[in-house]
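Quick note on numbering that gives the first Met the number 0: the sequence shown kicks off at 0 and runs consecutively.
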Amino acid sequence: MSNILKEQINSVEQLKRTFSNFKRKEKTALSNYIPDPTKHTKYVENGITSAYKFDAGIFLTFDLGYMVDVIYMTKSKDSLMNCLEIIQEDAKKPLVVEHVFREGRDEQLGIPTKLLRRMSRVGVFEKPLPSRFAEQATYEDIPELLDIFSQYFDPYTERIPDVEELKRLIGMDGIRIIREKEDIIGMVVFEKSVGNLHLRYWWVSSSHRNKGIGADLLKAYFNVGFDCKRQFLWVFSDNTNAIDKYRHYGFEFDGTADEIFVI
Ligand SMILES: CC(C)(COP(=O)(O)OP(=O)(O)OC[C@H]1O[C@@H](n2cnc3c(N)ncnc32)[C@H](O)[C@@H]1OP(=O)(O)O)[C@@H](O)C(=O)NCCC(=O)NCCS
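Listed below in C-alpha cells is the structure:
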C-alpha cells in the first residue's frame, strides 16, 4: 500500500471529479466508468464508496458487504490487473469488475468469470400479445421475490436487486409475476426508458418450465412496453436455453458484450 492512497468518497461530485482529473492527464485511459446518478448517489450516501489512487489508475470501490463492486480508470490493461490485485489484498473480499466491449472490434481484458452478451430486437407490436396469468407485483411480494433472488441467482454476476431497488421497480410497474396457489412460480423484471425496454430478469421455477409460463410473462413484458421501439437484455453466453427462446421472439446478438471478473 506504499504508493497508493485510499480515501472515502462523500459526494457524487467528488466521485466525478476523481475521474475527470485522471482523464485530463491520461487522454487514452481505459475505463468502465459510466455516470449512474441514482446508483452512485445511493452508494455515496450509504458511506460505502472509496477511491484507491495509484499513479497508474483510479479505482472507485463500492463495498456491498459480501463483495466489492469496482469502477476503474487506468493507463493500460496491465496496470488495471496489477492494481486490482493490490485492492483485493486490502479489501479481503471478492472484487467484481465489468468491462463492456464491442465483439470482434475491441480488445478483451482476459478470460472472464462470466461473459454476458447483449441481445436486442427492434419494432413495436401492432396489437397486445395475449398474457393471461401474469399479474403486477406489489410491495407485499418483496420478501418472496428476495427469497427467489437469493436462492436462484448468483449475487456476484447477476446484480441482485435489494429491497429499495425492488420498491422502485414495482413503483414503475416493472415486475410481473405468476402464482400457483400461494407461491410465485415465475417472474419478469424490466425497466422502461424513453424508447427502450430493458428486460432485466426472466425466471420460471424449474418444475414449471417449458409449459408456457415464461411465454406468458414475456408477453406481459412486451405489452407494458408496447410503445418502446427497442427491447434489449443481457444473457450469459452459455445460456443456450434462454438464447433459443429470445431468438424465437426476434432478439438477436447486437455485438455488445460484457466480461465480468470475480477476483
Ligand atoms: C428462460 C425461462 C424463463 C423460460 O421459461 P419457460 O416457462 O420454460 O418458457 P416457455 O416454455 O414459456 O417458452 C417460451 C417460448 O419459447 C418457445 N420455445 C421453447 N423452446 C424453444 C426452443 N428450443 N427454441 C426456440 N423457442 C422455444 C416456446 O414455444 C415459447 O414461445 P411461444 O410464446 O410462441 O409459445 C426458464 O427456462 C428459466 O427460468 N430459466 C432459468 C433462468 C434464465 O435462464 N433466465 C433467462 C436469463 S437472461
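Built from N, CA and C at the ideal position, the CB exists for glycine as well. Fair warning: this is a prediction, and the values are worked out from it, not measured in the lab.
Our two residues, Gly103 and Arg116, have alpha carbons roughly 13 Å apart in a direct line. Taking each of Glu190, Asn240, His247, Glu97 in turn and checking the Cα distance to Ile259, the smallest one comes out for Glu97. For the 9 Å CB-CB criterion, Cys82 and Ala50 do not form a contact.
Secondary structure note for Thr60: its beta strand (DSSP E) is the uninterrupted segment 56-62. In the pairwise beta carbon analysis, the region 172-187 is classified as touching the region 140-148: at least three pairs are separated by under 8 Å. Between the region 215-222 and the region 124-132, the count of C-beta pairs closer than 8 Å reaches three or more; the two stretches touch. Boundaries of the beta strand (DSSP E) around Ile176: 174-179.
When the alpha-carbon of Lys74 is set against those of Val261, Phe53, Phe148, Thr60, the nearest one is in Phe53. A direct Cα-to-Cα measurement between Met171 and Glu190 gives close to 8 Å. Residue pairing of Arg101 in beta bridges, as defined by DSSP: Thr255.
By the CB criterion at 9 Å, Gly122 and Gly254 fall outside the cutoff. Within the model, the alpha-carbon separation for Ile110 versus Phe18 is close to 26 Å. DSSP places Glu106 in the coil class of the three-state scheme, outside both helix and strand. Under the DSSP definition of a beta bridge, Val96 partners with Val69, Phe260. Using a Cβ-Cβ distance cut-off of 8 Å, the region 54-73 and the region 233-253 are not in contact, since fewer than three pairs of beta carbons, one from each stretch, lie closer than that value. For Gly249, the distance from the CB to the nearest heavy atom of ligand 1 is not below 8 Å. Around the beta-carbon of Gly213, 16 or more other beta-carbon atoms lie within 10 Å, marking it buried.
Runs of the beta strand (DSSP E) spanning 3 or more residues and lying entirely within the region 108-162 occur at 113-121, in chain order.
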